[in-house]
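Please read the structure below before turning to the comments.
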Amino acid sequence: MWVIGAVAAISLALQSYVDLIADGPEATLLSVWWNMLRYYTILTNLVVAAVFIMRPQFTAHWAGAITLQILLVGIVYHALLSSTHVPEGLLGEVANHGLHTVAPALVFLWWLIYAPKRGLGLPNPLWWVIWPLIYAAYGIWRGTLDGKYPYYFLNLPELGPIGLLREMSIVAAGFLIFGFVLLGIARVQRPSSSSK
């Protein structure tokens, strides 16, 4: 488990370094992190780094929740955002793939093989979608502070209220669908009683 946490932590550190260099001599680590913390990718990888390094005893609910959140980081990035995102140099590429590809894949593999799944039911995916909705409100708030919205589907001035509602409905539906996919996988697997 600590390997997963290390991948996320190292990728975050590399991204911090890349952004610090890219922002120029006036940049500080504080300003870089204030900017980075507007992104769902960064916040979710921070959670992954913390929990997999600390190695708590996962419940089925929390294992599923963390897996869904980081899995959607990878899916949304590769499906919707990668074509318009150009990482800064080799270190930027390494950090980018660590955050959006390697960490999500490792967490999903961990969940498939080791995570507890006994007791998961229909309410769990409904609870799992709460964090993305809270983040959406936070991302919109951050955008109103400085006009920089973290993702196009949170850009209230461009989308307008109806467009924003449409985009957020699509995002929420995606989380629910993949949450129920995880639930389906858990149902067909032999339940595991504990994580390793």
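Residue numbers for the sequence shown follow our numbering, beginning at 1 and rising by one.
We treat Cβ as the ideally placed atom computed from N, Cα and C, and that holds for glycine.
This structure is a prediction, so every number in the text was calculated from the model and none was measured.
Quick one: grab the DSSP three-state call for S193.
Residue mapping note: residue 193 aligns to position 193 of the sequence shown, counting from 1. The predicted position of S193 is uncertain, since its pLDDT is 43 and thus under 50; no value can be drawn from it.
Just list the alpha helix (DSSP H) runs in the segment 84 to 132, keeping only unbroken ones of 4 residues or longer that don't cross its boundaries, in chain order.
Within the segment 84 to 132, the complete alpha helix (DSSP H) runs of at least 4 residues are 89 to 97, 103 to 113, 123 to 128.
Where does the unbroken alpha helix (DSSP H) through T67 begin, and where does it stop?
Taking the first residue of the sequence shown as 1, we reach residue 67 at position 67. Residues 60 to 76.
Please name the residue, chosen from V3, P87, L43, A63, that lies closest to A22 on a Cα-to-Cα basis.
Along the sequence shown, one-based indexing puts residue 22 at 22. When only C-alpha atoms are compared, the closest one is P87.
Could you round the C-beta distance between G139 and L154 to whole angstroms and report it? I think they count as a contact, below 8 Å.
The residue given as residue 139 occupies position 139 in the sequence shown. The residue given as residue 154 occupies position 154 in the sequence shown. Going by Cβ atoms, the distance from G139 to L154 rounds to 5 Å, so yes, they are a contact pair.
Starting from the C-beta of A136, find all residues in its chain whose C-beta is less than 8 Å away, skip the five residues before and the five after it, and write them out in chain order.
Taking the sequence shown and counting its residues from 1, the one referred to as residue 136 is at position 136. Its chain contains L154, M168, V171 as the residues whose beta carbon lies nearer than 8 Å to that of A136, once the 5 sequence neighbours on both sides are disregarded; these appear in chain order.
Nearest-angstrom Cα separation, counted from L99 out to H78
Residue mapping note: residue 78 aligns to position 78 of the sequence shown, counting from 1. Residue mapping note: residue 99 aligns to position 99 of the sequence shown, counting from 1. Cα-Cα distance, rounded: 12 Å.
Is there a Cβ from chain D that is less than 8 Å from the Cβ of L156?
Protein chains in the displayed structure number just one, and chain D is not present.
Between H97, V18, L145, F108, which lies nearest to L182 when the distance is taken from Cα to Cα?
Counting from one through the sequence shown, the residue named residue 182 turns up at place 182. Sorting H97, V18, L145, F108 by C-alpha distance to the C-alpha of L182 places F108 at the top.
State the DSSP-derived secondary structure class of L154, mapped to helix, strand or coil.
For the purposes of this step, residue 154 is identified with residue 154 of the sequence shown, where counting begins at 1. Helix.
Between which two residues does the alpha helix (DSSP H) carrying T44 extend?
For the purposes of this step, residue 44 is taken as the residue at position 44 of the sequence shown. Start and end: 40 to 54.
From V47, I53, V76, Q57, pick the residue whose C-alpha is nearest to that of I66; which is it?
As a first step, residue 66 must be located in the sequence shown, where it is residue number 66. Nearest of V47, I53, V76, Q57 to I66, Cα basis: V47.
Starting from the Cα of K148, find the closest Cα among R38, Y17, F178 and give me that residue.
In the sequence shown, counting from the first residue as 1, residue 148 sits at position 148. Scanning R38, Y17, F178 for the CA closest to the CA of K148 turns up R38.
Option nearest P123 by Cα separation, candidates E26, A60, I42, N45:
Here residue 123 refers to the residue found at position 123 when the sequence shown is read from its first residue. For the residues E26, A60, I42, N45, the minimum Cα distance to P123 belongs to A60.
How is L12 classed by DSSP in three states: helix, strand or coil?
On the sequence shown, residue 12 is found 12 positions in, with the first residue counted as 1. Correct three-state label for L12: helix.
Less than 8 Å between C-beta atoms, sequence neighbours within five positions excluded: which residues of the same chain meet that for W131?
Locating residue 131 in the sequence shown gives position 131, counting from the first residue. Counting only Cβ-Cβ distances below 8 Å, and skipping sequence neighbours, we find A65, Q69.
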